[in-house]
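Number of protein chains: 2
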Amino acid sequence: MTENVVILGAGAVGMTVATYLKRHTGHRVTVFSSDTHTAYSQCGIPFVLEGVIHDFPDLIVRPLDTFLDMGIDLHLETTVNHIDATGQKVISDEGIFEYDHLVIATGSVPFIPTIKGGELDGVFTLHTLSDGMKINCYINDGSRVVIIGAGGIGTELAGSLAVRGIAVTLVEALPQALPLTMDPDMALLVQQHLTLLGVQVVTGAHVDSINGKRHVRSVSVQGDTVPTGTVLSDIVIVATGLRALSGIARDAGYKIGATGGIVTDEHLRVSADGEILDNVYAGGECAEVKEFVTGSPFISRLGSAARRMALVIGENIAGQDAVYPPTLSPNVVVVGEMTAGSVGITSHTAALNDISVVCGISEGRTRAGYYPGGSQLNVKLIFSNRRLVGAQVVAGEGVKERIDALSLAIRMGATVDDLLEWETAYAPPVSMIIDPVTFAADDAKMKMEGLA
Amino acid sequence: MTENVVILGAGAVGMTVATYLKRHTGHRVTVFSSDTHTAYSQCGIPFVLEGVIHDFPDLIVRPLDTFLDMGIDLHLETTVNHIDATGQKVISDEGIFEYDHLVIATGSVPFIPTIKGGELDGVFTLHTLSDGMKINCYINDGSRVVIIGAGGIGTELAGSLAVRGIAVTLVEALPQALPLTMDPDMALLVQQHLTLLGVQVVTGAHVDSINGKRHVRSVSVQGDTVPTGTVLSDIVIVATGLRALSGIARDAGYKIGATGGIVTDEHLRVSADGEILDNVYAGGECAEVKEFVTGSPFISRLGSAARRMALVIGENIAGQDAVYPPTLSPNVVVVGEMTAGSVGITSHTAALNDISVVCGISEGRTRAGYYPGGSQLNVKLIFSNRRLVGAQVVAGEGVKERIDALSLAIRMGATVDDLLEWETAYAPPVSMIIDPVTFAADDAKMKMEGLA
Chain A
21 MTENVVILGA GAVGMTVATY LKRHTGHRVT VFSSDTHTAY SQCGIPFVLE GVIHDFPDLI
81 VRPLDTFLDM GIDLHLETTV NHIDATGQKV ISDEGIFEYD HLVIATGSVP FIPTIKGGEL
141 DGVFTLHTLS DGMKINCYIN DGSRVVIIGA GGIGTELAGS LAVRGIAVTL VEALPQALPL
201 TMDPDMALLV QQHLTLLGVQ VVTGAHVDSI NGKRHVRSVS VQGDTVPTGT VLSDIVIVAT
261 GLRALSGIAR DAGYKIGATG GIVTDEHLRV SADGEILDNV YAGGECAEVK EFVTGSPFIS
321 RLGSAARRMA LVIGENIAGQ DAVYPPTLSP NVVVVGEMTA GSVGITSHTA ALNDISVVCG
381 ISEGRTRAGY YPGGSQLNVK LIFSNRRLVG AQVVAGEGVK ERIDALSLAI RMGATVDDLL
441 EWETAYAPPV SMIIDPVTFA ADDAKMKMEG LA
Chain B
21 MTENVVILGA GAVGMTVATY LKRHTGHRVT VFSSDTHTAY SQCGIPFVLE GVIHDFPDLI
81 VRPLDTFLDM GIDLHLETTV NHIDATGQKV ISDEGIFEYD HLVIATGSVP FIPTIKGGEL
141 DGVFTLHTLS DGMKINCYIN DGSRVVIIGA GGIGTELAGS LAVRGIAVTL VEALPQALPL
201 TMDPDMALLV QQHLTLLGVQ VVTGAHVDSI NGKRHVRSVS VQGDTVPTGT VLSDIVIVAT
261 GLRALSGIAR DAGYKIGATG GIVTDEHLRV SADGEILDNV YAGGECAEVK EFVTGSPFIS
321 RLGSAARRMA LVIGENIAGQ DAVYPPTLSP NVVVVGEMTA GSVGITSHTA ALNDISVVCG
381 ISEGRTRAGY YPGGSQLNVK LIFSNRRLVG AQVVAGEGVK ERIDALSLAI RMGATVDDLL
441 EWETAYAPPV SMIIDPVTFA ADDAKMKMEG LA
């Protein structure tokens, strides 16, 4: 039976659901997005600004035509103002569209704190391809850039601009970079690398004001323990986090969680008035799911998670019984020559959840000591009741794959003894004889047994 | 109580046991080896011949003095002729030494098939540091080299010499390279890369004779379906496998297995007359252990396995109750710009053991499509009863870490569904949005369900 599927959002979730349904069902699929572009890699934007990727169109992974050719009815630069949940239709500035199934994949918007001078020319956020293009037009090799916020985007961007030779000051209100994903000791390695790249890293400090008449001229930074300093600056990029774009769902009566995301069940269906709706789904950065270790409400910002959610939604609309399990959302950021990755919970998250943990650390290298190249490799493993619940890895290579392995280990319930029995491969150009992950597990076990 | 520990062999097992005991016990430790060197990286030898590592001494990971300073009584270039099992002593050409604990870690020797002309100058094996030095003295950039045997050592060496610009012919009797560790389709990727590097790869062919008066001048190669051809050659390196050095153990009455290795129990103790001996251990390439998937007798050739066995032996001698679990022995070989790795069983081993398998394959890249650098990434996963039992990965980077992850997956009993739930990290410079391992699992699942 041909049904109408309406999808709000043309990002990774929206377009993957649309493509899946066109391939596997006969449904009519209509997609709305206020964005100008679709099917581009958000994660690639810092690397265009770095210059390692030639130009923004390179980030468009599928041309618009391929979607149109599939028969997807795609409305870009179109605002949907309202969902009529009872009448099962959406009201957009292009008219009214009825749906049998609705997918809310509206994504997120940057959270912008109120800062004096935030309205000046030269103040940007970095979220969409258009944001990236605007910054790229404005910036030049002589620019002085202040980035506010040292989360994943701010940190990666600071590295990219510094590699290009641009003077960057990175200001973070918390005492460390990457506070949501790394412990302070591991984040420090990233901060040190940023400093080597020429980034001025200021943690435990907030921006008092952005100064200038029409254009940004400087930024006043107030440290926790130091007086206000003024950093000359032409460009300010605000990277203080993202907020789920869930207002339209809230207005429709769908339940919104503590995270600000649309609450979903394991099938990624939304609920209203305490009832699960069997034809309305949410996925991606506007959706609240469950974190694997704590079971807490969680919003995953990852493209890989988006794609997985999209397949679950697509399969369910196609009549299957697909489940999105609680997520670990392993993540990596690339900063110059360094990659920093994490999976599971940090020590801080453990403390917030009253989870008692034992950590194991190790420092090794990615290749045999005598083999040229390679880099330092730092590993931190976090255990609770002898089970792995978190892991962080920082090195010049081999980080994403180790984080992946540890993601599997957490999901499969690996104990410290499982990690010690884990056999790893060895060849001098690609590893040490025993992987540093093993030594980190060993360190944790010694601590558990009171030997260290 | 101070006891006498005698260790036969000064390789990775012998010296790790010796070091462990000196650190953790007060035992007297005496080590015998017929080798001239100790504590060097066998696995690094091809890369010295390649020129990427400067010189052989770079491979010596610990100078001899550090062992002597620890009080280890080390006898290099010393032959032990006999073990008096009843009298608990070993008879060497330096005298008689009594032991309370005996560790047999004699390693292996190259297996050399009888080939006409095998005695000519210019015919080598590559096993010890001395072998490497001899070849290095003999070889020059104009040399023409024939390598007999395309196992791990032959294949890696062929790549190393080719990178240096030397003309190499690699002859393998079986129809594929890496027959013990890779399926033919994956091995073909390695063969193609060798060919690109300039190596003449001849599979399904044997060497009829090595020709010359005193020095090697040519090699006659007979293919399965082609007439004998003659390859001009100055150097022949025989890399047709290794044999456990277990003769001295056999003579002492210790049980030898079908592999030729000394049979060990889970504590790595040997047996005689159907009884486990509680003070005689074997480890490394002279010892037979159990393979994880099949439970079959197995000899692990890996340095990492050697180190693990050594710790188990050391702990047991120190009075603990340490167990060496069945081994997966994940392995990688590095050939020019390519790394090929495998873990668990191949399709061929599965067939030999009457294990019915379903394979999933995928081809992707190691980085986002638009990100510069990176390489093709091929993955093959082998499942039996939905459980992962083998995996093979070939790419320019990220192979060893993926093999490690899959080693953990096999050990933890991961099913195809576990692999599909496995979340992997993503950043454009280090990965695709969904890891090719996931797609290989997807492919296998489709085949299991009759959808592909």
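If you're matching them up, the sequences are chains A and B in order.
Residue numbers are given in this note's numbering: position 395 of the first sequence equals residue 415, and the series is strictly consecutive.
Residue numbers are given in this note's numbering: position 74 of the second sequence equals residue 94, and the series is strictly consecutive.
Backbone N, C-alpha and C define an ideal beta-carbon position, used for all residues, glycine too.
All values derive from a computational prediction rather than experimental measurement.
Of all Cβ atoms in chain A, is any one closer than 9 Å to the Cβ of residue i?
i, result
"D120(B)", "no"
"L322(B)", "yes"
"A447(B)", "yes"
"K275(B)", "no"
"K310(B)", "no"
"N351(B)", "yes"
"V363(B)", "yes"
"A207(B)", "no"
Would a C-beta distance cut-off of 9 Å place residue i and residue j closer than the cut-off?
i, j, result
"F459(B)", "G394(B)", "no"
"G152(A)", "V354(A)", "no"
"P83(A)", "C63(B)", "no"
"G304(A)", "G31(A)", "yes"
"G380(B)", "A464(B)", "yes"
"V188(B)", "A197(B)", "no"
"T36(A)", "R327(A)", "yes"
"L140(B)", "P130(B)", "no"
"V251(A)", "V241(A)", "yes"
"N231(B)", "H121(B)", "no"
Between the Cα of residue i and those of the options, spot the shortest distance and give me the residue it belongs to.
i, options, result
"R407(B)", "L288(B), H147(B), A429(B)", "A429(B)"
"A330(B)", "L69(B), G169(B), C306(B)", "C306(B)"
"G361(B)", "T444(A), T134(A), H44(A)", "T444(A)"
"G71(B)", "V26(B), V183(B), L146(B)", "V183(B)"
"D161(B)", "I155(B), F144(B), G185(B)", "G185(B)"
"L372(B)", "T314(B), Q212(B), V241(B), D228(B)", "T314(B)"
"A105(A)", "S163(A), V26(A), I73(A), V33(A)", "V26(A)"
"T386(B)", "I255(B), D293(B), E441(B), K420(B)", "K420(B)"
"L297(B)", "G389(B), L149(B), I402(B), G273(B)", "G273(B)"
"I132(B)", "L122(B), V239(B), V457(B), F144(B)", "F144(B)"
"K154(B)", "V246(B), D341(B), L69(B), V399(B)", "L69(B)"
"H213(A)", "G356(A), G261(A), A425(A), Q412(A)", "G356(A)"
"A264(A)", "N299(A), E308(A), S349(A)", "E308(A)"
"D113(A)", "T98(A), I453(A), V191(A)", "T98(A)"
Tell me whether residue i sits in a helix, a strand or coil according to DSSP, three-state version.
i, result
"T145(B)", "strand"
"A307(A)", "strand"
"P473(A)", "Given that chain A is displayed from residue 21 to residue 472, the structure contains no residue 473(A) and the question cannot be resolved."
"I135(A)", "coil"
"F403(B)", "strand"
"K275(A)", "coil"
"K465(B)", "helix"
"A371(B)", "helix"
"R387(B)", "coil"
"P346(B)", "coil"
"V474(A)", "As displayed, chain A neither begins before 21 nor continues past 472, which places residue 474(A) out of reach and without an answer."
"M509(A)", "The question about residue 509(A) has no answer here: the residues shown for chain A are numbered 21 through 472."
"S427(A)", "helix"
"N160(B)", "coil"
"Q62(B)", "helix"
"K109(A)", "strand"
"Q211(A)", "helix"
Between residue i and residue j, which are expected to be in contact by the criterion C-beta below 8 Å, what is the C-beta distance as a whole number of angstroms?
i, j, result
"R48(A)", "T22(A)", "6 Å"
"V50(B)", "D93(B)", "Per the sequence shown, residue 50(B) should be read as Thr rather than Val. Rounded, the Cβ-Cβ distance is 4 Å, consistent with contact."
"L181(B)", "T223(B)", "So it is not a contact: roughly 18 Å between Cβ atoms."
Determine whether the Cβ of residue i lies closer than 9 Å to any Cβ atom of chain B.
i, result
"E443(A)", "yes"
"M432(A)", "yes"
"I319(A)", "no"
"C63(A)", "yes"
"K465(A)", "no"
"E114(A)", "no"
Cβ-heavy atom distance between residue i and the ligand COA below 8 Å?
i, result
"E118(B)", "Questions concerning the ligand COA fall outside what the structure shown contains, since it holds no ligand whatsoever."
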